[in-house]
Amino acid sequence: MQVSVETTSGLGRRMTVQIPAEQMDQQVASKLQQLTRSVRLDGFRPGKVPLSVVKKRYESQVRQETAAELIASTYEQALQQENLRPAGEPNIEQTRNQSGEELEYVATFEVYPEIELPDLGDLKIERPIAEVDENEVEKMLEKLRRQRVTWTSVERPAAEGDRVEIDFEGTIDGQPFSGNAAKNVPLELGSGSMIPGFEEQLVGLSAGDSKTIEVTFPEDYGSAEVAGKTAKFDITVHSVAEPTLPELDDEFARAFGVGDGGLEALREEVRKNMRRELDAAISNRIKSQVFDALLEKADLDVPTSLLDSEIDALVKKDSAGADAGDDRSRYEDEARRRVSLGLLISEIIQRNQLSIDPDRVRQKIEDMAQSYENPEEVVQWYYSNQEMLGSVQTLVMEETVVEWVMDQAQVEDKSTTFEELLQQAAGGSA
Amino acid sequence: MNDERLSKILVGPVVSEKSTRAADLNRQYVFKVLRDASKPEVRKAVEKMFDVKVNSVQLLNVKGKVKRFGQSAGRRSDWKKAYVTLAEGSDIDFASAE
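Encoded structure:
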């Protein structure tokens, strides 16, 4: 077997392999020999077909098969011999395949880039430090209270913050338009869920009142039919209700499923949840910093075949939503990032012989399960579902890598607040 | 012996264990020919179609088999078989000629 390799472009390789004629012909001959035993032909008893007849009929077919087999087996050998690691499937072309001549084929493929792990000694990473303080907890509790608002009907004109139940029917220049009317709509005044100006004009109405108001749709309103136009709405108010925030007491706590311990337990629960969120935000921030830094330092050539398959995966994932079908370039950056990161991470893992610690996986899953009602069940479920387990393992792996990088790099602590951090996290992911 | 008749003389090759053996050992190629074909006709036809030199031709009649389907008896047609011996150095490759 003779192998020669040329470099076509950055990562592209062209490998020409020649297999000696004897090897090829020998295999073809032995295959034909075997065929004579099983071939059935009119005019011949089974197994009595002369080799010459079989050869005449089946040789080209057998040659093709043998060539394919030989190519498959020698391809691997040739790669090992030349010490190449191809990324993605090769494109194999037979250039010569004739009796008495050597078999020759050309495989074109891309190789994995040589990854040089950059020196991370001078890498600076900011580690945000934040605590959940009592104020934040109180704010969160306030939010929870607002979710549990109860409404009580009142016999007085509606004020900002009240909820009214109305019928409305709108017309533009006397003509109805789509979505112009509805009955028994609950509307919270000041919530801003209707077009601007609508809710304000309802302030002061009592139950049973009717009023005709004029509202101008904003220029950038979703429906072009009505955008920028002025509409008349006939409004009938059925009821006015005022909000009552529930008291912060043990009763309130029970409503959230905190059985014993009352309000203190609820507060504790909230704090724990926030703490978890905070931890997640912090590790996310560190992770993205580490990954960004890695990407920047190790300037990688990404094999196109890997890039393509990644883009395919992304497109597939997204295709449920928008019809992004042909617009592949949109995904290219994202895919490039993912592929290079994948390469880098696996390289780091290999070089440093990092491994997934099963204890950590368990810990992670238990952490995640905490926020569910039945942690035990959730844990069970994770362990019985290979896919989910795999994703957790990947997560742990990433964390391990991040920790390794942190060991190498210089870490700066930077104090910040809960709110700030969460906002950054939200902004970063958007 | 016009060309039109010559081109009809050879009905087809006979492919069997016996015929391949004859070809391998004695350069005799076996054909199914028209029932009323004569030796000179077969010789001409083979020489013309396959561009070979013929040494000799042997003809024989093959009786059709009696076949029955249920109660009714039937008989396959009789046919004529030709063993054509080629001169040294000639041969016929049916696969490429067909």
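Protein sequence lines, in the order shown, are assigned to chains G and A.
Each residue of the first sequence is one higher than the one before, counting from 1 in the numbering used here.
Each residue of the second sequence is one higher than the one before, counting from 431 in the numbering used here.
Beta carbons are placed, not taken as given, at the ideal position from N, Cα and C, and that holds for glycine.
Can you pull the chain G neighbours of residue i, defined as C-beta to C-beta under 9 Å?
{"i": "Ser446 (chain A)", "result": "Asp42, Gly43, Phe44"}
{"i": "Thr450 (chain A)", "result": "Gly43, Phe44, Val49, Pro50, Ser52, Val53"}
Kindly say whether residue i, judged by its beta-carbon, lies nearer than 8 Å to any beta-carbon of chain C.
{"i": "Val53 (chain G)", "result": "Here chain C cannot be found, since the structure's protein chains are G and A."}
Would you tell me roughly how many angstroms separate the C-alpha atoms of residue i and residue j, rounded to the nearest one?
{"i": "Glu477 (chain A)", "j": "Ser446 (chain A)", "result": "22 Å"}
{"i": "Glu82 (chain G)", "j": "Gln2 (chain G)", "result": "11 Å"}
{"i": "Val361 (chain G)", "j": "Leu70 (chain G)", "result": "44 Å"}
{"i": "Leu344 (chain G)", "j": "Lys31 (chain G)", "result": "46 Å"}
{"i": "Glu412 (chain G)", "j": "Thr400 (chain G)", "result": "19 Å"}
{"i": "Ser502 (chain A)", "j": "Arg57 (chain G)", "result": "39 Å"}
{"i": "Lys317 (chain G)", "j": "Gln410 (chain G)", "result": "37 Å"}
{"i": "Glu268 (chain G)", "j": "Ile172 (chain G)", "result": "54 Å"}
{"i": "Gln350 (chain G)", "j": "Met397 (chain G)", "result": "12 Å"}
{"i": "Gln408 (chain G)", "j": "Glu366 (chain G)", "result": "29 Å"}
{"i": "Ser429 (chain G)", "j": "Glu165 (chain G)", "result": "Its pLDDT being 43, under 50, Ser429 (chain G) is placed unreliably by the model, and nothing is read from it."}
{"i": "Leu516 (chain A)", "j": "Arg457 (chain A)", "result": "6 Å"}
{"i": "Glu200 (chain G)", "j": "Asp167 (chain G)", "result": "16 Å"}
{"i": "Gln64 (chain G)", "j": "Thr108 (chain G)", "result": "20 Å"}
{"i": "Val444 (chain A)", "j": "Val460 (chain A)", "result": "6 Å"}
{"i": "Gly449 (chain G)", "j": "Ser178 (chain G)", "result": "In the structure as shown, chain G starts at 1 and stops at 430, and residue 449 (chain G) therefore has no counterpart that could be examined."}
{"i": "Ile356 (chain G)", "j": "Ile311 (chain G)", "result": "28 Å"}
{"i": "Met194 (chain G)", "j": "Asp209 (chain G)", "result": "20 Å"}
{"i": "Gln77 (chain G)", "j": "Trp381 (chain G)", "result": "43 Å"}
{"i": "Ala182 (chain G)", "j": "Thr236 (chain G)", "result": "11 Å"}
Please state if the CB of residue j and the CB of residue i are separated by a distance shorter than 8 Å.
{"i": "Thr66 (chain G)", "j": "Met24 (chain G)", "result": "yes"}
{"i": "Ala158 (chain G)", "j": "Leu202 (chain G)", "result": "yes"}
{"i": "Lys229 (chain G)", "j": "Gly170 (chain G)", "result": "no"}
{"i": "Gly88 (chain G)", "j": "Ser340 (chain G)", "result": "no"}
{"i": "Val492 (chain A)", "j": "Arg473 (chain A)", "result": "no"}
{"i": "Ala255 (chain G)", "j": "Ala265 (chain G)", "result": "no"}
{"i": "Ile286 (chain G)", "j": "Arg127 (chain G)", "result": "yes"}
{"i": "Val62 (chain G)", "j": "Val28 (chain G)", "result": "yes"}
{"i": "Arg271 (chain G)", "j": "Ser206 (chain G)", "result": "no"}
{"i": "Ile129 (chain G)", "j": "Glu347 (chain G)", "result": "no"}
{"i": "Thr212 (chain G)", "j": "Asp234 (chain G)", "result": "yes"}
{"i": "Ala467 (chain A)", "j": "Tyr513 (chain A)", "result": "no"}
{"i": "Asn184 (chain G)", "j": "His238 (chain G)", "result": "yes"}
{"i": "Pro243 (chain G)", "j": "Val137 (chain G)", "result": "no"}
{"i": "Glu214 (chain G)", "j": "Ala227 (chain G)", "result": "no"}
{"i": "Val106 (chain G)", "j": "Thr95 (chain G)", "result": "yes"}
Pick from the options: whose alpha carbon is nearest that of residue i?
{"i": "Gly12 (chain G)", "options": "G:Ser305, G:Leu41, G:Gly228, G:Gln201", "result": "G:Ser305"}
{"i": "Ala313 (chain G)", "options": "G:Glu376, G:Val270, G:Leu300, G:Glu334", "result": "G:Glu334"}
{"i": "Thr450 (chain A)", "options": "G:Leu144, G:Leu41, G:Glu387", "result": "G:Leu41"}
{"i": "Leu395 (chain G)", "options": "G:Ser239, G:Ile311, G:Pro358, G:Leu295", "result": "G:Pro358"}
{"i": "Lys483 (chain A)", "options": "A:Asp521, A:Leu440, A:Lys438", "result": "A:Asp521"}
{"i": "Asn91 (chain G)", "options": "G:Ser391, G:Arg14, G:Gln77", "result": "G:Arg14"}
{"i": "Val17 (chain G)", "options": "G:Gln26, G:Leu79, G:Gln175", "result": "G:Leu79"}
{"i": "Lys462 (chain A)", "options": "A:Asp454, A:Met479, A:Gly442", "result": "A:Gly442"}
{"i": "Glu22 (chain G)", "options": "G:Val5, G:Glu102, G:Leu51", "result": "G:Glu102"}
{"i": "Pro113 (chain G)", "options": "G:Arg85, G:Lys124, G:Leu123", "result": "G:Arg85"}
{"i": "Ser437 (chain A)", "options": "A:Leu455, A:Gly500, A:Glu471", "result": "A:Glu471"}
{"i": "Arg276 (chain G)", "options": "G:Ser52, G:Pro50, G:Glu131", "result": "G:Glu131"}
{"i": "Lys48 (chain G)", "options": "A:Lys448, A:Asp523, A:Phe524", "result": "A:Lys448"}
Strictly under 8 Å for the Cβ-Cβ distance: is residue i near chain A by that measure?
{"i": "Ser9 (chain G)", "result": "no"}
{"i": "Ala324 (chain G)", "result": "Reliability fails at Ala324 (chain G), whose pLDDT of 49 lies under 50, so the model's placement of it is uncertain and no value is given."}
Does the ligand NAD have even one heavy atom less than 7 Å from the beta-carbon of residue i?
{"i": "Glu247 (chain G)", "result": "In the structure on display, the ligand NAD does not appear, and there are no ligands present to speak of."}
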